[in-house]
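Residue 18 is where the sequence shown starts when you use this note's numbering, and the numbers rise one by one after that. Positions of the beta carbon are idealized from the N, C-alpha and C atoms, including for glycine.
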Amino acid sequence: MKEIYLRAPATVGNVGPGFDIFAFSLKEPYDEFEIRLTNSDSIDVEIQNSIVELPTVPSDNTGSLAVIHLLEKLGIKRGIHITIQKKMPISSGLGSSGASAAASIYGVNKILGLGLSNNEMIDIARRGEVVSGGSPHADNVAAALLGGFIFIRSYKPMDVGRIEIPRIPLVLNVMRKKEKTTRSFIPGELSLSLVGEQTSHCAMVIHSLMKGDIEEFGEAIRCDHISEPIRSNSIKGYWEIKEKILDAGAYGFNISGGGSSVFAVCNEENQDEIAHLMEQEFKKRGQTPHIITTETCNEGVKELNN
Ligand code: HSE
18 MKEIYLRAPA TVGNVGPGFD IFAFSLKEPY DEFEIRLTNS DSIDVEIQNS
68 IVELPTVPSD NTGSLAVIHL LEKLGIKRGI HITIQKKMPI SSGLGSSGAS
118 AAASIYGVNK ILGLGLSNNE MIDIARRGEV VSGGSPHADN VAAALLGGFI
168 FIRSYKPMDV GRIEIPRIPL VLNVMRKKEK TTRSFIPGEL SLSLVGEQTS
218 HCAMVIHSLM KGDIEEFGEA IRCDHISEPI RSNSIKGYWE IKEKILDAGA
268 YGFNISGGGS SVFAVCNEEN QDEIAHLMEQ EFKKRGQTPH IITTETCNEG
318 VKELNN
């Protein structure tokens, strides 16, 4: 095999209380990829369709950087050309960079017949994230690779668990963050009482998914004492909008990954109403909302060849 065509989904990282350890994949949007062996010994990346300029210097792009790490680690010299068909928004906390890293590593593993396990692929792919988010977090790459809901059991060694996620209707407002990353503003310490609350909500997330209880899932994802207090500062009217969306019947609301996109957990009956309300609330505050109605999905990186 000389080339492979793939698709990788957008993902919601953190999922409320699970900072760097929880994520799930979305049915839409997604990006498409061609990963091709070439006769050179360089790693190249080409981006098509993007409305904004994205890095194509190999060490600055999450996909090619992850491949550079992989080939260096294995001592392999091969030429690889990565083409990314951009269909999803970037720098918005929807895992676009994680999807590129996950698809690139999946593709190279497949065309070179490396036989890497899922955990090995995630461990390498997350290294690509350093150029976009400043840290090798694995939540987005794991959900993009495996689909469904993922939880990180351990970073050292990399060990990722996966739970089939029920179909959950979602409403998102996609917003680009002004800063490249907001991680550095997150304090390194948390009081014991907040740790307790955070941990109980993490347990509730897993419990709700095991039961298939979307209402409990929504309640569980409302709480976060790590990322939300900091990242909400970049979203005008965040706490008021959250209250309105929950009062209108959404089960949960929080920031997606590194922000500034937000997501609401809905049911089939109220999804359109929540979408309308979210649009109005952001408009009222002088923003131009980009509302997406979508749902969770269990598909990760998918081969499009056959
Ligand atoms: N866990 C990562 C973070 C997700 O919070 O920075 C980034 O999308």
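Using only the heavy atoms of ligand 1, determine whether one of them is closer than 7 Å to the beta carbon of residue i.
{"i": "Arg200", "result": "yes"}
{"i": "His86", "result": "no"}
{"i": "His154", "result": "yes"}
{"i": "Asp230", "result": "no"}
{"i": "Phe36", "result": "yes"}
{"i": "Gly150", "result": "yes"}
{"i": "Asn190", "result": "no"}
{"i": "Asn157", "result": "yes"}
{"i": "Val31", "result": "A quick correction: the sequence has Asn, not Val, at residue 31. It does: the Cβ of Asn31 is within 7 Å (strictly closer) of some heavy atom of ligand 1."}
{"i": "Gly110", "result": "yes"}
{"i": "Gly92", "result": "no"}
{"i": "Gly274", "result": "yes"}
Would residue i count as contacting chain B if we go by Cβ distances under 8 Å?
{"i": "Phe202", "result": "Included in the structure is just one protein chain, with no chain B present."}
So, under 8 Å CB-CB, residue i and residue j are touching, yes? Tell me the CB distance rounded to an integer number of Å.
{"i": "Ser273", "j": "Phe36", "result": "At roughly 13 Å, the Cβ-Cβ gap does not stay under 8 Å, so Ser273 and Phe36 are not in contact."}
{"i": "Ile52", "j": "Ile128", "result": "6 Å"}
{"i": "Pro186", "j": "Gly229", "result": "Going by Cβ atoms, the distance from Pro186 to Gly229 rounds to 14 Å, so no, they are not a contact pair."}
{"i": "Val222", "j": "Pro34", "result": "7 Å"}
{"i": "Ile90", "j": "Ile141", "result": "Position check: residue 90 holds Lys in this sequence, whereas Ile was assumed. Contact flag correct, Cβ pair sits at about 7 Å."}
{"i": "Lys194", "j": "Gly276", "result": "5 Å"}
{"i": "Leu43", "j": "Thr311", "result": "5 Å"}
{"i": "Arg24", "j": "Glu49", "result": "5 Å"}
{"i": "Ser251", "j": "Gly110", "result": "11 Å between Cβ atoms; not a contact."}
{"i": "Ile247", "j": "Phe202", "result": "5 Å"}
{"i": "Leu331", "j": "Ile60", "result": "Lying before the first or after the last residue shown, residue 331 is absent from the chain, which here runs from 18 to 323."}
{"i": "Leu54", "j": "Lys19", "result": "5 Å"}
Where do the N-terminal and C-terminal ends of the alpha helix (DSSP H) with residue i fall, by residue?
{"i": "Cys219", "result": "Leu209 to Lys228"}
{"i": "Gln297", "result": "Gln288 to Lys301"}
{"i": "Ala27", "result": "Here Ala27 belongs to no alpha helix (DSSP H); instead the beta strand (DSSP E) covers Glu20 to Gly30."}
{"i": "Asp358", "result": "Absent from the model: residue 358. The displayed extent of the chain is 18 to 323, so no value can be given."}
{"i": "Leu91", "result": "Thr79 to Leu91"}
{"i": "Arg144", "result": "Asn135 to Gly145"}
{"i": "Val177", "result": "Not the alpha helix (DSSP H): Val177 falls in the beta strand (DSSP E), residues Asp176 to Ile180."}
{"i": "Ile258", "result": "Tyr255 to Asp264"}
{"i": "Ile68", "result": "Looking at the DSSP string, Ile68 is not in any alpha helix (DSSP H), and its letter there is neither H nor E."}
{"i": "Val125", "result": "Ser113 to Ile128"}
{"i": "Gly235", "result": "Ile231 to Ile238"}
{"i": "Pro106", "result": "Premise fails: Pro106 is in no alpha helix (DSSP H) and is neither H nor E."}
{"i": "Ile247", "result": "Glu245 to Arg248"}
Mind checking whether the beta-carbon of residue i lies closer than 7 Å to any heavy atom of ligand 2?
{"i": "Ser244", "result": "Within the structure as shown, ligand 2 is missing, the only ligands being ligand 1."}
What first and last residue would you give for the beta strand (DSSP E) that runs through residue i?
{"i": "Ala40", "result": "Phe39 to Thr55"}
{"i": "Ala281", "result": "Val279 to Val282"}
{"i": "Ser273", "result": "Run containing Ser273: none; DSSP gives neither H nor E here."}
{"i": "Arg170", "result": "Phe166 to Ser171"}
{"i": "Leu189", "result": "Pro186 to Asn190"}
{"i": "Val62", "result": "Ile60 to Gln65"}
{"i": "Glu285", "result": "Taken as a continuous stretch (DSSP letters only), Glu285 belongs to no beta strand (DSSP E), as it is neither H nor E."}
{"i": "Gly96", "result": "Gly96 to Gln102"}
{"i": "Glu206", "result": "Taken as a continuous stretch (DSSP letters only), Glu206 belongs to no beta strand (DSSP E), as it is neither H nor E."}
{"i": "Ile308", "result": "Ile308 to Cys314"}
Is there contact between the segment 272-287 and the segment 158-173, where contact requires at least three CB pairs shorter than 8 Å?
no
Report yes or no: do three or more beta-carbon pairs, one from the segment 135-144 and one from the segment 91-104, lie closer than 8 Å?
no
Is there contact here, the segment 106-125 with the segment 22-36, by at least three beta-carbon pairs under 8 Å?
yes
The segment 67-85 touching the segment 143-156, judged by at least three CB pairs closer than 8 Å
yes
Would you call the segment 287-298 in contact with the segment 258-267, where contact means no fewer than 3 C-beta pairs closer than 8 Å?
yes
Examine the Cβ distances between the segment 197-217 and the segment 294-308 and report whether three or more of them are shorter than 8 Å.
no
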